[in-house]
Amino acid sequence: MYKFPYKDIISTKQFTRNDLENIFSIVKEMEEIVKSAKVSRLLEWKIMWSLFYEPSTRTRLSFESAMHKLGGDVLTVSDWSTSSLSKWESLEDNAKINSIYCDILTIRHPEVWSAEKTAKSVSKPVINAWDGANQHPTQSLLDVYTILKENKRLDNLHIAIVWDLKYGRTTHSLVYLMWLFENITFTFISPEELKMPEKVISFLDEKNIKYSKINDYKQWIKDADVLYVTRLQKERFTDLSEYERLKNDFILTLDVLKNAKKDITIMHPLPRVNEVSHDVDKLPNAAFFRQAENWLYVRMALLYLLLNQSEWKEFSSD
Ligand code: CP
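Taken in order, the sequence shown gives residues 17 to 334; the numbers are from the numbering used here.
The following block contains the structure:
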């Protein structure tokens, strides 16, 4: 039986292919629990502290729902002004106090490496629900699970990632997971101002993974097995006139998709603004709402795995 080897989930770089295969087998069990409407008490008496110091719909609610589905409880701080951080308490002190009242902390915070800083200051497990423009590891675990379900494989894939690659942390985390599979090719499509950060490109060079960078999005689409679209992260632009100049430059329409493979999987971490036309939703391979459903199953599995590290129990969905 797989024993989760990590105290925290901070970065997708921490995972191996073996970890993913094992995590996904538990995710499938969680999916069965939800779909068969079984009452589960796997996390009874466990409390998750849900600390969201930046706005969230999907991540916070899917984590909280996951906890409730497994019989656990949730304490939520979703407004910075209601936390003592607004009285200049340090993140470390704040986390230490929060960890006294709970069994696991899920944190979203605008600072890069805030989740790691939190994890180092507490003995309870910490989940990074995104740390600024750095990473969103649980999003990428569910993205990879979605690719597996939609494409029926994780090897031999051409993955095109489009639009805000600078601030779109889910794209960084996805690259750090998908390189683990065989014969993966990436195409990065973005304006120069929003190109994939050098640290991600250096990582791919170091691992000898194939990638190309393109400005004209109409050229590449015929090769992609997966198309991963992101929104412009308006809130992270230091110059709003740059956002205004770029905001309508990429819009995925049915017309753009005419040259795509018939079985291309179209993904988006959501929320969407205007970068995917609503007409695209009706395509059978528009997977973004199915992707959103996977949020719940993946987060149930992660909470279960993290909270059962010290006294591992044989997994049973009964
Ligand atoms: N994809 C994502 O993280 O969505 P939320 O910001 O709504 O949590």
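We treat Cβ as the ideally placed atom computed from N, Cα and C, and that holds for glycine.
Sequence-distant residues of its chain with Cβ nearer than 8 Å to residue i (five each side left out)
i    : result
A240 : H174, I175, A176, T203, A276, K277, I280
N290 : K263, N264, I267
Buried versus exposed, by CB contacts within 10 Å (16 or more), residue i
i    : result
T162 : buried
M183 : According to the sequence shown, residue 183 is Tyr rather than Met. The residue is buried, with at least 16 neighbouring Cβ atoms inside 10 Å.
L321 : buried
K329 : A caution first: K329 carries a pLDDT of 44, below 50, which makes its placement in the model unreliable, though a value can still be read off. Exposed.
T134 : buried
7 Å Cβ shell around residue i - same chain, five flanking residues per side excluded
i    : result
K274 : none
S100 : N110
A82  : L312, R315, M316, L319
Same chain only: Cβ atoms within 6 Å of residue i, ignoring 5 sequence neighbours per side
i    : result
F197 : L170, D171
G148 : P126, E127, V128
Y18  : N38
F68  : R76, S94, R124
N34  : none
P229 : Per the sequence shown, the amino acid found at residue 229 is Lys instead of Pro. The residues are F204.
W65  : L91, N114, C118, L121
T269 : S293
Simplified DSSP assignment, three categories, for residue i
i    : result
R261 : helix
T154 : helix
A317 : helix
L144 : Rather than Leu, the amino acid found at residue 144 in this sequence is Asn. It is a strand residue.
I282 : strand
M64  : strand
F331 : For F331, the pLDDT reaches just 45, beneath the cut-off of 50, and the residue's location in the model is therefore unreliable, leaving the point undetermined.
L268 : strand
A111 : helix
I230 : strand
L243 : strand
A176 : strand
Member of the options whose CA lies at the smallest distance from the CA of residue i
i    : options               : result
N167 : F20, R252, T134, I282 : I282
W179 : Q249, L312, R306      : Q249
E214 : L312, N150, S41       : N150
Q307 : E45, S78, D159        : D159
Proximity test, Cβ basis, 8 Å: residue i and chain C
i    : result
E222 : Here chain C cannot be found, since the structure has a single protein chain.
Check your understanding: Can you list every residue whose CB sits closer than 5 Å to some heavy atom of the ligand CP, going in chain order?
Key -> S72, T73, R74, T75, P285
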